[in-house]
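Just so we're aligned: the sequence shown equals residues 145 to 394 in the working numbering. Virtual Cβ for every residue (Gly too), placed ideally from N, Cα, C.
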Amino acid sequence: MSGNNTRRVRRQGPVTLRDKQIPATTTDQRLLDKRGPSDWVHTDPWRVMRIQAEFVEGFGLLAELGMAVSVFGSARTPPGSPEYEQAVEIAAALCHAGYAVITGGGPGIMEAANKGAAEASGVSVGLGIELPMETGLNDYVNVGIEFRYFFVRKTVFIKYSQAFVVLPGGFGTMDELFEALTLVATGKITKFPIILVGSAYWSGLLDWLSETMLGRRNIGAGELALLRVADETEEVIEIIKEAHADMSAL
Numbered sequence: 145m146s147g148n149n150t151r152r153v154r155r156q157g158p159v160t161l162r163d164k165q166i167p168a169t170t171t172d173q174r175l176l177d178k179r180g181p182s183d184w185v186h187t188d189p190w191r192v193m194r195i196q197a198e199f200v201e202g203f204g205l206l207a208e209l210g211m212a213v214s215v216f217g218s219a220r221t222p223p224g225s226p227e228y229e230q231a232v233e234i235a236a237a238l239c240h241a242g243y244a245v246i247t248g249g250g251p252g253i254m255e256a257a258n259k260g261a262a263e264a265s266g267v268s269v270g271l272g273i274e275l276p277m278e279t280g281l282n283d284y285v286n287v288g289i290e291f292r293y294f295f296v297r298k299t300v301f302i303k304y305s306q307a308f309v310v311l312p313g314g315f316g317t318m319d320e321l322f323e324a325l326t327l328v329a330t331g332k333i334t335k336f337p338i339i340l341v342g343s344a345y346w347s348g349l350l351d352w353l354s355e356t357m358l359g360r361r362n363i364g365a366g367e368l369a370l371l372r373v374a375d376e377t378e379e380v381i382e383i384i385k386e387a388h389a390d391m392s393a394l
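Here it is, written out as structure tokens:
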């Protein structure tokens, strides 16, 4: 059985489950599902302790990480594709510039960024999450933790990142992008660069933000300007280094 790579595996924090031991729902689902009027009295207080433990584990693991950049993008990007190879290149360049690289620890763009960091002898961080089709952390992560709760994981991403680099992705990538934008725009976190990689991919979204959202004054020009766009690895690194140099000068 140990050599069978087709077995289902799920990590729930420090726990590993396989095959029929994997529950039909995730921890987040069970937390957020509506239950009977008094069920929460018996279950939710204990969940608070588990949530607290995840924060403690995440903060403890990364407390001495130093300057780091989070790289986001699709889990479905195949190895060898142009976007995969660019993520490898960007991560390696970040490490050479003195940054650790943080990803969600999964496949696709996440794997590519962890690969680039590991091959550049940098710190390659993976913040995994329990999902129905969980695959575990990719093999290029050298500092990793797997979370049960999305909101704990997102807090750790924000707390330990000094920039976000966003390659083409889907709903998860959009969630992370707009979470960062909202927190910077509302002053909840210190302003840091948010870079969209691949102008062709992001042009439709940027046009809509400019023409519709900004056009109806639902955001301001300064908020839209929080987004930077780059096509080349050198541009990404230069934007981050310039932003951090400006912050150091304050």
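Per DSSP, residue i forms a beta bridge with which residues?
| i | result |
| --- | --- |
| G288 | G270 |
| I246 | S214 and V269 |
| F112 | With the chain represented from 145 up to 394, any question about residue 112 goes unanswered, as that position is not in the structure. |
Helix, strand or coil: which one does DSSP assign to residue i?
| i | result |
| --- | --- |
| V185 | Annotation note: pLDDT 47 at V185 (below 50); position unreliable, no value reported. |
| F336 | coil |
| G224 | coil |
| I302 | helix |
| E229 | helix |
| A219 | coil |
| L275 | coil |
| E208 | coil |
| M145 | The predicted model places M145 with a pLDDT of 39, which falls under 50 and marks its position as unreliable; any figure quoted below should be read in that light. Here M145 sits in coil by DSSP. |
| A241 | coil |
| D283 | coil |
| G252 | coil |
| G202 | helix |
| G361 | First, the amino acid is wrong: residue 361 is Arg here, not Gly. Coil. |
State the start and end residues of the unbroken alpha helix (DSSP H) segment that holds residue i.
| i | result |
| --- | --- |
| S347 | S343 to W352 |
| L371 | No alpha helix (DSSP H) contains L371, which is instead part of the beta strand (DSSP E) from L371 to A374. |
| A264 | Careful: A264 lies outside any alpha helix (DSSP H) and carries neither H nor E. |
| D319 | F315 to A329 |
| A365 | A365 to L368 |
Round the Cβ separation of residue i and residue j to the nearest angstrom and send it over; I've been treating them as touching at under 8 angstroms.
| i | j | result |
| --- | --- | --- |
| G272 | I253 | Rounded, the Cβ-Cβ distance is 15 angstroms, inconsistent with contact. |
| V300 | L206 | 7 angstroms |
| F261 | A231 | What sits at residue 261 in the sequence shown is Ala, not Phe. So it is not a contact: roughly 10 angstroms between Cβ atoms. |
| I195 | Y293 | 6 angstroms |
| G464 | A244 | What is shown of the chain runs 145 to 394, which leaves residue 464 out entirely. |
| I383 | P312 | About 18 angstroms separates the two Cβ atoms, so there is no contact after all. |
| V328 | V380 | Contact flag wrong, Cβ pair sits at about 18 angstroms. |
| V200 | S305 | Between S305 and V200 the Cβ distance is about 19 angstroms, and since that is not below 8 angstroms, they are no contact. |
| I339 | A307 | 7 angstroms |
| K298 | E323 | 6 angstroms |
| V287 | E198 | So it is not a contact: roughly 16 angstroms between Cβ atoms. |
| K332 | A241 | That belief does not hold up - the Cβ atoms of K332 and A241 are roughly 27 angstroms apart, past 8 angstroms. |
| C239 | G266 | 3 angstroms |
| E255 | N282 | 4 angstroms |
| V153 | G314 | That pair is no contact at about 23 angstroms. |
Taking 7 angstroms as the line, does the beta carbon of residue i fall inside it for any heavy atom of the ligand GTP?
| i | result |
| --- | --- |
| I246 | Although the ligand GTP was asked about, the structure shown includes no ligands whatsoever. |
Does the stretch 373-388 touch the stretch 334-347, meaning 3 or more C-beta pairs lie closer than 8 angstroms? yes
Are the stretch 262-270 and the stretch 236-254 touching by the rule of at least three beta carbon pairs closer than 8 angstroms? yes
Inter-stretch contact (C-beta, 8 angstroms, three-pair minimum) for the stretch 215-223 and the stretch 348-363: no
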